[in-house]
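Visitor: Dropping the structure in here first, questions after.
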Amino acid sequence: MRLRNVTGAKEAVALSRFVVQEPETKKGNWQSCFEKEQPIHIEIGMGKGQFITELAKQNPTINYIGIEKYASVLIRALTKRDEQEIPNLIYLLVDAKNLCDYFSEGEVDRVYLNFSDPWPKDRHSKRRLTAKEYFGRYDKIITKTGFVAMKTDNEALFDFSLQQAEEAGWKLQRVTRNLHQSEYAAGNIMTEYEEKFSALGNPIYRLEAYR
Ligand SMILES: C[S@@+](CC[C@H](N)C(=O)[O-])C[C@H]1O[C@@H](n2cnc3c(N)ncnc32)[C@H](O)[C@@H]1O
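What follows is the structure in structure tokens.
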């Protein structure tokens with residue numbers, strides 16, 4: 003994602019009641035951040051938050067945590083959010099490579115990865131959020147019946163993800179190379195990137211990975 007620096011974003015994010023500060027202190031205790039104790043789903047790289055906001059509104063019996071690395075991006079979600087009451091949605095401003103510092107074993111029921119940065123150069127492949135090193139992190143924090151759901155318009159990233167999930171010992175389900183024309187299209191919530199790239203005619207790839 004091309005990043006435009008937003009003046010004051012860091013300060014605004016640090017003061018927001020929707021962004022959990024010092025998230026390592028919540029490890030094993032995330033339910034205390036919500037009104038109700040219920041399963042936790044996270045989105046890594048939530049961007050401006052369209053997907054997770056809609057998901058949280060549609061599913062009040064799930065607690066959602068949106069994770070974003072950059073304050074200049076997260077601030078966009080906060081600006082929109084201020085007008086809306088969504089008790090089951092909070093955010094973290096962290097780098098997902100440190101996920102295991104914030105969540106304890108089996109604390110998360112589902113991980114969403116939407117239009118993750120492709121990191122096209124081979125030497126950066128370990129930074130891709132579906133590299134097997136990341137599946138190792140997800141393995142530690144996801145419940146036994148939980149799963150990782152990924153969407154992208156990038157075929158090379160998708161093929162890499164299928165291969166890495168299998169190498170990491172995960173089982174693939176509900177795999178499609180054209181989500182919008184598939185049997186899984188019903189109920190699909192579009193992300194900002196998904197709207198942009200599908201409008202250009204790009205097919206959307208989707209997978210779910212289970213242990
Ligand atoms: C290409 S954008 C996609 C945004 C949104 N998910 C969508 O589909 O519209 C990828 C987002 O992931 C965030 N991101 C990339 N690597 C990350 C990481 N290691 N931890 C947390 N967020 C990350 C980026 O800052 C960016 O906002």
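Numbering (the numbering used here), first residue to last: 3 to 213.
Beta carbons: idealized from backbone N, C-alpha and C, even for Gly.
Note that the structure is a prediction, hence the values are computed from the model and not measured.
(1) In the DSSP assignment, the alpha helix (DSSP H) including tyrosine 104 goes from what residue to what residue?
(2) Entirely within the stretch 88-128 and at least 4 residues each: give me those alpha helix (DSSP H) ranges in chain order.
(3) Leaving out five residues on either side along the sequence, give the residues of the same chain with a beta carbon under 7 Å from the beta carbon of isoleucine 191.
(4) Counting C-beta neighbours from all protein chains within 10 Å, is the total for serine 118 16 or more, i.e. buried, or is it exposed?
(5) Let me confirm a value: arginine 112 is counted as buried when at least 16 other C-beta atoms fall within 10 Å, else exposed. Which label applies?
(6) Pick from Arg83, Ala201, Gly51: whose alpha carbon is nearest that of valine 75?
(7) Any heavy atom of ligand 1 inside 6 Å of the beta-carbon of glutamate 37?
(8) State the DSSP-derived secondary structure class of lysine 153, mapped to helix, strand or coil.
(9) Say yes only if the C-beta of alanine 98 is nearer than 6 Å to one or more non-hydrogen atoms of ligand 1, and no if none qualify.
(10) Does DSSP classify lysine 82 as helix, strand or coil?
(11) Does the Cβ-Cβ distance between methionine 48 and glutamate 26 come in under 7 Å?
(12) Just to confirm my understanding: we take leucine 181, look at its own chain, exclude 5 residues before and 5 after, and list those with CB closer than 8 Å. What are they?
(13) With H, G and I counted as helix, E and B as strand and the rest as coil, what does DSSP make of isoleucine 211?
(14) May I have the straight-line CA-CA distance separating arginine 1 from arginine 6, to the nearest angstrom?
(15) When the Cβ atoms of the stretch 142-158 are set against those of the stretch 94-114, are three or more pairs found closer than 8 Å?
Guide: To lay it out plainly:
(1) The residue you call residue 104 lines up with position 102 of the sequence shown. Tyrosine 104 -> alpha helix (DSSP H) spans 101-104.
(2) Contiguous alpha helix (DSSP H) elements confined to the stretch 88-128 occur at 101-104, taking only those with 4 or more residues.
(3) Locating residue 191 in the sequence shown gives position 189, counting from the first residue. So the qualifying residues of the chain are Phe53, Glu56, Leu57.
(4) Counting from 1 along the sequence shown, the entry for residue 118 is found at position 116. The residue in question, serine 118, is buried, as its Cβ has 16 or more Cβ neighbours within 10 Å.
(5) Translated into the one-based positions of the sequence shown, residue 112 becomes position 110. Buried is the call here.
(6) For the purposes of this step, residue 75 is taken as the residue at position 73 of the sequence shown. Considering only alpha carbons, the answer is Gly51.
(7) As a working mapping, residue 37 is identified with position 35 in the sequence shown. Checking every heavy atom of ligand 1 against the Cβ of glutamate 37, none is found closer than 6 Å.
(8) Your numbering for residue 153 matches position 151 in the sequence shown. Reduced to three states, the DSSP call for lysine 153 is strand.
(9) The residue you call residue 98 lines up with position 96 of the sequence shown. At a threshold of 6 Å, alanine 98 counts as near ligand 1, since its beta carbon sits closer than that to one of the ligand's heavy atoms.
(10) Here residue 82 refers to the residue found at position 80 of the sequence shown. In this structure, lysine 82 counts as helix in the three-state DSSP scheme.
(11) In the sequence shown, the residue the question calls residue 48 occupies position 46. In the sequence shown, the residue the question calls residue 26 occupies position 24. Not a contact, by the Cβ cut-off of 7 Å.
(12) One-based indexing of the sequence shown puts residue 181 at position 179. Once the five neighbours on either side are set aside, the close Cβ partners of leucine 181 are Lys153, Ala187, Asn190, Pro205, Ile206, Tyr207, Arg208.
(13) As a working note, residue 211 is residue 209 in the sequence shown. Residue identity check: residue 211 is alanine in the sequence provided, not isoleucine. Alanine 211: strand per DSSP, three-state reduction.
(14) Outside the shown range of the chain, which is 3 to 213, sits residue 1, and nothing can be said about it.
(15) A contact exists between the stretch 142-158 and the stretch 94-114.
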